[in-house]
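Quick notes on the structure that follows.
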Amino acid sequence: MASTYMRAAGYHLHVLRLVGGLYSRCQFNTRRHMTKFKAAGLASSGKAVDVGKDEGTGLGLKKAPVIIVGAGPVGLTLAILLTKLGVRTILLEKKLKLTDHPQAHFLNNRTMEIFRRINGLGHEIEDQQPPMEHWRRFVYCTTLAGPILGLVDHLQPEDMAMHRSPTGIAHFSQHHLVRLLLKHAFDLGIVVHEVSRMPPMCSNSQSSNIGEIYMGHELKSLHANSSGVTTRVLSFETKVETVMHGSYLVAADGAGSIVRKIMGVEFEGEADMQKLINVHFRSKALGRHLARTNPGMLYFVFNARAIVVIVAHDLRSGEFVAQLPYYPPQQNFEDFSPEVNSRSMKIYIH
Numbered sequence: 010m011a012s013t014y015m016r017a018a019g020y021h022l023h024v025l026r027l028v029g030g031l032y033s034r035c036q037f038n039t040r041r042h043m044t045k046f047k048a049a050g051l052a053s054s055g056k057a058v059d060v061g062k063d064e065g066t067g068l069g070l071k072k073a074p075v076i077i078v079g080a081g082p083v084g085l086t087l088a089i090l091l092t093k094l095g096v097r098t099i100l101l102e103k104k105l106k107l108t109d110h111p112q113a114h115f116l117n118n119r120t121m122e123i124f125r126r127i128n129g130l131g132h133e134i135e136d137q138q139p140p141m142e143h144w145r146r147f148v149y150c151t152t153l154a155g156p157i158l159g160l161v162d163h164l165q166p167e168d169m170a171m172h173r174s175p176t177g178i179a180h181f182s183q184h185h186l187v188r189l190l191l192k193h194a195f196d197l198g199i200v201v202h203e204v205s206r207m208p209p210m211c212s213n214s215q216s217s218n219i220g221e222i223y224m225g226h227e228l229k230s231l232h233a234n235s236s237g238v239t240t241r242v243l244s245f246e247t248k249v250e251t252v253m254h255g256s257y258l259v260a261a262d263g264a265g266s267i268v269r270k271i272m273g274v275e276f277e278g279e280a281d282m283q284k285l286i287n288v289h290f291r292s293k294a295l296g297r298h299l300a301r302t303n304p305g306m307l308y309f310v311f312n313a314r315a316i317v318v319i320v321a322h323d324l325r326s327g328e329f330v331a332q333l334p335y336y337p338p339q340q341n342f343e344d345f346s347p348e349v350n351s352r353s354m355k356i357y358i359h
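This is how it looks when you write it as structure tokens:
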């Protein structure tokens with residue numbers, strides 16, 4: 010986790026850049042940061058966030074102590090933790106719906122410690138994740154059904170002994186995690202505003218004194234002054250902009266963060282180290298076969314016709330993602346058609 014803290018002319022804008030932090034090295038010190046919120050008078054529940062019109066623009070105006078951009082694991086977790094401490098939030102997500110495509114899948118100890126604070130979420134993950142024997146190994150092979158080149162057990166007994174932490178690590182796919190987080194947010198009274206033509210996720214309520222999540226809403230601009238942070242947000246469905254004001258703005262919108270770009274914060278480190286095409290597929294028969302003969306989390310496939318990494322998100326349900334190297338401009342995205350990918354799968358599997 011990186012933090013950017015800006016001061017000018019007596020005002021401040023505190024942006025936490027949690028780029029992938031929840032799944033890698035999330036070191037969010039809840040107690041320390043909540044002390045700041047309480048000291049700033051943000052811990053009172055307050056009333057409705059819809060306060061009419063913005064005087065400067067005539068646009069609709071909403072207010073909350075904290076605005077969070079990005080409804081992934083980091084943004085949802087932060088909204089839940091703040092709500093539990095009595096801090097109202099507005100959470101913005103530009104996507105129309107939660108993804109069904111597996112993404113990250115490995116949860117470290119610190120993340121699971123944070124989830125212990127969310128009404129049994131840690132136990133839910135432990136109960137629903139695949140058995141450890143299904144994901145403790147990395148497998149190097151010529152095909153999934155072919156000769157094994159090597160096995161690496163990336164867990165040691167002390168990793169699960171819980172001497173240093175009350176929790177263990179977990180293997181739980183992000184698309185399942187965000188739905189559990191959304192359920193916990195809904196249970197706390199946070200309202201989800203959705204695009205009307207999308208299937209309902211939690212609620213169709215119009216307002217909340219606790220907190221709100223706006224799907225299909227994109228941050229277009231932000232400005233900080235002595236009273237806090239003012240943003241303009243565009244609705245995908247209505248094409249109408251709304252002004253939203255908060256004392257704090259938290260950027261939890263990933264490596265391609267629009268908040269970072271608006272602020273002009275340079276990306277640190279090397280971008281686009283490798284380009285991959287992800288092919289999401291399911292095969293219960295393959296999952297059963299691998300669980301019985303050669304279980305693993307990652308399968309590194311090397312043969313004369315292909316090099317690919319296959320992530321076994323859950324052998325029980327047979328859910329996999331094949332990560333295919335992609336080399337533009339020598340290759341085009343259109344080269345990876347469903348027909349081509351289907352033929353490639355046979356090379357990787359048999």
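Quick note on the numbering used here: the sequence shown kicks off at 10 and runs consecutively. Where a beta carbon is used, it is the ideal one built from N, C-alpha and C, also for glycine. Model, not experiment: these values are computed from the prediction.
Can you name the start and end residues of the alpha helix (DSSP H) that residue i belongs to?
{"i": "Ala280", "result": "Looking at the DSSP string, Ala280 is not in any alpha helix (DSSP H), and its letter there is neither H nor E."}
{"i": "Ala3", "result": "Outside the displayed range of the chain (10 to 359) lies residue 3, so it cannot be described from this structure."}
{"i": "Gln332", "result": "It is not in any alpha helix (DSSP H) - Gln332 instead sits in the beta strand (DSSP E) that spans Glu328 to Pro334."}
{"i": "Arg269", "result": "Ile267 to Met272"}
{"i": "Gly131", "result": "Leu130 to Gln137"}
Go ahead and pull the three-state DSSP assignment for residue i.
{"i": "Phe345", "result": "coil"}
{"i": "Ala233", "result": "strand"}
{"i": "Asn218", "result": "coil"}
{"i": "Phe124", "result": "helix"}
{"i": "Ala418", "result": "The structure shown has nothing for residue 418, since the chain only spans 10 to 359."}
{"i": "Leu153", "result": "coil"}
{"i": "Ser360", "result": "This structure leaves residue 360 out entirely; the chain is present only between 10 and 359."}
{"i": "Met15", "result": "For Met15, the predicted model reports a pLDDT of 29, less than 50, meaning its position is unreliable; a value from the coordinates is still stated below. In this structure, Met15 counts as strand in the three-state DSSP scheme."}
{"i": "Thr302", "result": "helix"}
{"i": "Lys106", "result": "coil"}
{"i": "His226", "result": "strand"}
{"i": "Ala73", "result": "coil"}
{"i": "Leu295", "result": "helix"}
{"i": "His359", "result": "coil"}
{"i": "Gln36", "result": "The predicted model places Gln36 with a pLDDT of 32, which falls under 50 and marks its position as unreliable; any figure quoted below should be read in that light. Coil, per DSSP."}
{"i": "His163", "result": "coil"}
Where do the ends of the beta strand (DSSP E) carrying residue i lie?
{"i": "Ala321", "result": "Ala315 to Asp323"}
{"i": "Arg145", "result": "No beta strand (DSSP E) contains Arg145, which DSSP labels as neither H nor E."}
{"i": "Thr98", "result": "Thr98 to Glu102"}
{"i": "Gly255", "result": "Glu250 to Gly255"}
{"i": "Leu307", "result": "Leu307 to Asn312"}
I'd like to check one pair, residue j with residue i: are the Cβ atoms closer than 7 angstroms?
{"i": "Leu228", "j": "Val242", "result": "yes"}
{"i": "Thr239", "j": "His226", "result": "no"}
{"i": "Leu295", "j": "His143", "result": "no"}
{"i": "Leu87", "j": "Ile77", "result": "yes"}
{"i": "Leu333", "j": "Ile286", "result": "yes"}
{"i": "His289", "j": "Ser182", "result": "no"}
{"i": "Ala170", "j": "Leu116", "result": "no"}
{"i": "Arg97", "j": "Gly220", "result": "yes"}
{"i": "Val310", "j": "Val320", "result": "no"}
{"i": "Leu70", "j": "Val249", "result": "no"}
{"i": "Asn118", "j": "Ser174", "result": "yes"}
{"i": "Ala154", "j": "His359", "result": "yes"}
{"i": "Leu164", "j": "Arg145", "result": "yes"}
{"i": "Val187", "j": "Leu130", "result": "no"}
{"i": "Leu105", "j": "Leu190", "result": "no"}
{"i": "Ile356", "j": "Ala315", "result": "yes"}
Using 8 angstroms for Cβ pairs, my map puts residue i next to residue j. What's the rounded Cβ distance?
{"i": "Met306", "j": "Phe195", "result": "Between Phe195 and Met306 the Cβ distance is about 31 angstroms, and since that is not below 8 angstroms, they are no contact."}
{"i": "Tyr223", "j": "Glu343", "result": "Not really, about 34 angstroms apart at Cβ, beyond 8 angstroms."}
{"i": "Thr152", "j": "Asn312", "result": "6 angstroms"}
{"i": "Asn303", "j": "Ile157", "result": "7 angstroms"}
{"i": "Ser3", "j": "Lys293", "result": "Examination of residue 3 is not possible in this model, given that the chain is present from 10 through 359 alone."}
{"i": "His184", "j": "His132", "result": "About 20 angstroms; that fails the 8 angstroms criterion."}
Hey, which unbroken runs of the beta strand (DSSP E) at 3 residues or more fall wholly within the segment 168-206? At a cut-off of 3 residues, the continuous stretches assigned as beta strand (DSSP E) that sit fully inside the segment 168-206 are 200-202.
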